[in-house]
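Protein chains in written order, with our numbering: chain C, 315 to 604; chain S, 120 to 333; chain F, 120 to 333. A virtual CB, placed ideally from N, CA and C, is assigned to each residue, including glycine. Scroll down for the structure; my scribbles are underneath it.
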Amino acid sequence: MTEELPKPASDDAAQAQQNEMPFAMVHGEPYSVPPQDLYIPPDALEIFLDAFEGPLDLLLYLIKRQNLDILTLPIAKITQQYIEYIGLMSDLRLELAAEYLVMAAMLAEIKSRMLLPRPIEEGEEDDPRAELIRRLQEYERFKKAAEDINGMPRVERDILEINVLQTEVVVEKKLPQVELKDLMHALQQVLRRSEMYAAHEIKKETLSIRERMTQILSSLAVDDFVEFSSLSTVAEGRDGVIVTFAAILELLKDRVIEIVQSEIFAPIYVKPAGQVIEGARLEEGRDYGI
Amino acid sequence: MEFKQLKNIIEAALLAADHPLTVDLLLKLFEDDQQKPAKEDVKKVISELEEECAERGYELKKIASGYRYQTRVEIQGWVSKLRVERAPRYSRAFMETLALVVYRQPITRAEIEDVRGVSISSSIFKVLLEREWVKIVGHKEVPGRPAMYGTTKKLLDYFNLSTLNELPSLAEIKDLDQFHPELAFMDVEEKKVPDKPVQLEAIEGGVESAETRH
Amino acid sequence: MEFKQLKNIIEAALLAADHPLTVDLLLKLFEDDQQKPAKEDVKKVISELEEECAERGYELKKIASGYRYQTRVEIQGWVSKLRVERAPRYSRAFMETLALVVYRQPITRAEIEDVRGVSISSSIFKVLLEREWVKIVGHKEVPGRPAMYGTTKKLLDYFNLSTLNELPSLAEIKDLDQFHPELAFMDVEEKKVPDKPVQLEAIEGGVESAETRH
């Protein structure tokens, strides 16, 4: 494909195409810019390619090298150069070549479309270069913008922030605050992670029993021999007694407390498990009624 | 409070802050005082302080997040020797990506890649997000719901700007129609491209505009 | 170099430095210059700078390792408000431990670890006991007689509850988002930073330390 290049850069070719479209007219002048030597030795190619940000960047460079207005892109010449680079590149940096190959294909397509004779009535058809030129211009704008931004003064490189030391004074230590919803959230998280709860269906337990278990243990901490009846109060009513009873059973089951009664109808006492006191030593809570 | 003391406190606070301070933040320093200064007083202090360092090696600069004292660019050659670490350098790919986010926000990664003609390494976005120069401002309602990126105040602070408007305008797209009127290839959408950076407020305010734009 | 420029550079350097600077260090800033300032000039600059801030909210202080600018104690009451810390936060491990004590009391440490699947640092219990939110209510009669923990009245007071029954049940908690939309649990990310003004860089560090403390 590179052998039989048309020569849009030569006057003949330019004139020939002029009838169909003013491709060779630059600012009203006939197109006559001689092709520049764009050759870059293969040895230098690898370094050369590292300097580009992609196929658009390379294309822009090639156009700049020809010192041409981007709007009067000499597609055929550029395509030839470009494809030569691709050829070299695919030997050296295969992994890089893909994006460049897409561009080469696009250039080749544009070239081939421009080579085809076009009936005059199709004049309103889009210039095949239009999309490419649009993309090149678009890329060039941001390439320039990036350079502009990079040139602007910035912290670290051009400016240092001033941050004078604050003379220390004693600061009172703040304790973290906890919101109830945070606590609920924490529990929700731990429940989600834990299968233990699901297996035991703990959700059926009510909190009041748990709370009462703690209360019972607290009273036992003060006095390690507490009368059963003193653990619930009249004010709490029937529900209170049931809760207390359930809590005691739960504690018994966990072998945290023991319950003793010296004889039938004698007062029932609750004590921490493991402490030997006089009287019967009882194993199971179910031995006791109220 | 005497004006002189007010000025001393504000000056010291601005010098000691590790973060730019707004007038409102400065007023908060006095919230426990019986006689709180007026907003005008604080503003007056600031303008006096600005003037006072006009001929010095540092300046009181207004940037996006507020006021901060900073060294002047002119003396960086000397002052930079204070820092052992070298200022980070950013690659062209990085800066071009940033430029696209700045001027075209909200923008998706695919849209950036489209303009640049190459795929973008993930590390670029990682750094942009880590430095909090760029944030995800929404998701585009197209398949895959890709993230749309926008800029932050931190970016402006870093580049010594108070608004995006201070950035240079984008180069204009040359109108091919001028030379080839019959081609008329520039589509309407392209002409709408703002040549000024998109306003930060606009981005933070409504992402809807993003959806209507594309 | 003109004396005025020398002074500007030294002043800015002292302001921007993150460590005290000696006269020798200051001289090093000019080592690339053709005309290096004399040591006496630097000393003269320093004494002028010291005088200039004699009546201001900051001072140029000579300490063992050199000179540094710092705020004056007199105005620290105001300036320290820059550091109004976001209240420190407890770690997730802490909150989950507390939640388990609340809902599963009396509970031993081993049981909590069992549910959470990880061991718990002793400092968590230390803090819980120190704040008197949790107390040891007994010992379990298993080998080692581990302490069993329960909640205190103080914890209820803290959460403004009269009994634990006022808390949602476990079942409700499992479907928390559904049943209590008003609680609006947010992900940690979202919860992190409402763009409140006074939050400064230093605070982020402070929170970390708060979390690692226990």
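### Cβ shell of C/V492 (< 8 Å), same chain only, five flanking positions each side left out
Along the first sequence, read from residue 1 onward, the residue named residue 492 of chain C stands at position 178. Result list for C/V492: empty, nothing under 8 Å.
### Task
Could you work out which residue in S/V246, S/L140, S/N127, S/G185 is closest to S/Y209 when comparing CA atoms only?
By 1-based counting over the second sequence, the position of residue 209 of chain S is 90. Comparing Cα-Cα distances from S/Y209 to each of S/V246, S/L140, S/N127, S/G185, the minimum goes to S/V246.
### Message
So, at 7 Å on beta carbons, what are the nonlocal neighbours of S/L125 in its own chain, with the 5 sequence-adjacent residues on each side left out?
### Response
Within the second sequence, the letter at position 6 stands for residue 125 of chain S. Taken in chain order, the residues that qualify are P156, D160, V164.
### Message
What ranges does the beta strand (DSSP E) occupy inside the stretch 210–298 of chain F, keeping only unbroken runs of at least 3 residues that lie completely in it?
### Response
Correct list: 253–258, 266–270.
### Task
Grab me the residues of C/M649's own chain with a C-beta within less than 6 Å of its C-beta, minus the 5 sequence neighbours each way, in chain order.
The structure shown does not extend to residue 649 of chain C, since chain C is modelled only from 315 through 604, so no value can be given for it.
### Query
Roughly how many angstroms separate the alpha carbons of C/V478 and S/E178, rounded to a whole number?
Position 164 of the first sequence holds residue 478 of chain C. Position 59 of the second sequence holds residue 178 of chain S. If you take the alpha carbons of C/V478 and S/E178, they lie about 14 Å apart.
### Message
For S/K272, tell me which candidate among S/Q195, S/E121, S/H138 has the shortest Cα-Cα distance.
### Response
Within the second sequence, numbered from 1, the residue matching residue 272 of chain S stands at position 153. For S/K272, the closest of S/Q195, S/E121, S/H138 by C-alpha to C-alpha distance is S/H138.
### Task
Establish whether the CB of C/T481 and some CB of chain D are separated by less than 8 Å.
No chain D is part of this structure, whose protein chains are labelled C, S and F.
### Message
Comparing C-alpha positions only, which one of S/I239, S/S199, S/L148 sits nearest to F/D151?
### Response
Here the question's residue 151 of chain F lines up with position 32 in the third sequence. Per the Cα distances, S/S199.
### Query
From this set, F/H258, F/S288, F/P262, F/T270, which residue's C-alpha is nearest C/L534's C-alpha?
Taking the first sequence and counting its residues from 1, the one referred to as residue 534 of chain C is at position 220. The option with the nearest alpha carbon to C/L534 is F/H258.
### Query
Going along the chain, which residues of its own chain have a beta-carbon closer than 6 Å to the beta-carbon of S/I128, five neighbours each way excluded?
For the purposes of this step, residue 128 of chain S is taken as the residue at position 9 of the second sequence. If you ignore the 5 residues before and after S/I128, its C-beta comes within less than 6 Å of no other C-beta in its own chain.
### Query
In this structure, does DSSP put C/I392 in helix, strand or coil?
Taking the first sequence and counting its residues from 1, one reaches residue 392 of chain C at position 78. Correct three-state label for C/I392: helix.
#### Entry: 8 Å Cβ cutoff, S/V198 in contact with chain F
Within the second sequence, the letter at position 79 stands for residue 198 of chain S. Interface residue (Cβ-Cβ distance to chain F less than 8 Å): S/V198 is classified as such.
### Message
Beta-carbon within less than 6 Å of S/A290's beta-carbon, same chain only, minus the 5 sequence neighbours each way: which residues are those?
### Response
Within the second sequence, residue 290 of chain S is the residue found at index 171, counting from 1. The answer is none, since no qualifying residue turns up.
### Query
Taking contact to mean at least 3 C-beta pairs separated by less than 8 Å, is the stretch 179–197 of chain F in contact with the stretch 225–236 of chain F?
Fewer than three beta-carbon pairs drawn from the stretch 179–197 of chain F and the stretch 225–236 of chain F are found closer than 8 Å, and the two stretches are therefore not classed as touching.
### Message
Judging by CA-CA distance, which residue of F/L280, F/E171, F/T216 is the nearest neighbour of F/G231?
### Response
Taking the first residue of the third sequence as position 1, residue 231 of chain F is located at position 112. Rather than Gly, the amino acid found at residue 231 of chain F in this sequence is Ile. The alpha carbon of F/I231 has as its nearest neighbour, out of F/L280, F/E171, F/T216, the alpha carbon of F/T216.
### Limits of the unbroken beta strand (DSSP E) element including S/Q189
By 1-based counting over the second sequence, the position of residue 189 of chain S is 70. S/Q189 -> beta strand (DSSP E) spans 185–190.
### Task
Under 8 Å between beta-carbons, which chain C residues line up against F/P287? List them in chain order, please.
The count along the third sequence starts at 1 and reaches residue 287 of chain F at position 168. Neighbours of F/P287 on chain C, chain order: M498.
### Query
Where does F/T190 land, buried or exposed, given buried means 16+ other C-beta within 10 angstroms?
For the purposes of this step, residue 190 of chain F is identified with residue 71 of the third sequence, where counting begins at 1. The C-beta of F/T190 has 16 or more other C-beta atoms within 10 Å across all chains shown, which makes the residue buried.
### Query
Does any C-beta atom of chain S lie closer than 8 Å to the C-beta of C/R273?
Since the displayed chain C opens at 315 and closes at 604, residue 273 of chain C lies outside it and no answer follows.
### Query
To which residues of the same chain is C/L450 closer than 7 Å at the C-beta, ignoring the five residues directly before and after it?
The count along the first sequence starts at 1 and reaches residue 450 of chain C at position 136. Its chain contains L370, L373, L374, I384 as the residues whose beta carbon lies nearer than 7 Å to that of C/L450, once the 5 sequence neighbours on both sides are disregarded; these appear in chain order.
### Query
Just curious, the alpha helix (DSSP H) that S/I165 is in, first and last residue?
Taking the first residue of the second sequence as 1, we reach residue 165 of chain S at position 46. 158–171 is the span of the alpha helix (DSSP H), which, as asked, contains S/I165.
#### Entry: Through-space distance from C/T481 to F/V192, alpha-carbon basis
Position 73 of the third sequence, counted from the start, is the residue given in the question as residue 192 of chain F. Position 167 of the first sequence, counted from the start, is the residue given in the question as residue 481 of chain C. So the two alpha carbons sit approximately 6 Å from each other.
### Query
Going by other Cβ atoms of all chains shown within 10 Å of its Cβ, with 16 needed for buried, is S/E251 buried or exposed?
Residue 251 of chain S sits at position 132 when you count from the first residue of the second sequence. With fewer than 16 other Cβ atoms within 10 Å, it is exposed.
### Task
Would you kindly work out how many angstroms separate the C-alpha atoms of C/R468 and S/L274, rounded to a whole number?
Against the first sequence, residue 468 of chain C aligns to sequence position 154. Against the second sequence, residue 274 of chain S aligns to sequence position 155. Their Cα atoms are separated by approximately 10 Å.
### Message
Taking CB distances under 8 Å as the criterion, tell me whether S/Y268 reaches chain C.
### Response
Residue 268 of chain S sits at position 149 when you count from the first residue of the second sequence. No, S/Y268 lies away from the interface with chain C (no Cβ there is under 8 Å from its Cβ).
### Collapsed DSSP secondary structure at F/K181 in the structure displayed
Numbered from its first residue, the third sequence carries residue 181 of chain F at position 62. In the three-state DSSP reduction, F/K181 falls in the strand class (E or B).
### Rounded straight-line distance, which links the Cα of C/R526 to that of C/T558
The residue you call residue 558 of chain C lines up with position 244 of the first sequence. The residue you call residue 526 of chain C lines up with position 212 of the first sequence. Going from the Cα of C/T558 to the Cα of C/R526 covers about 6 Å.
### Query
When the Cα atoms are used, what is the spatial distance from F/L144 to S/V220?
Residue numbering aside, residue 144 of chain F sits at position 25 when the third sequence is read from its first letter. Residue numbering aside, residue 220 of chain S sits at position 101 when the second sequence is read from its first letter. Between the alpha carbons of F/L144 and S/V220 lies a gap of roughly 42 Å.
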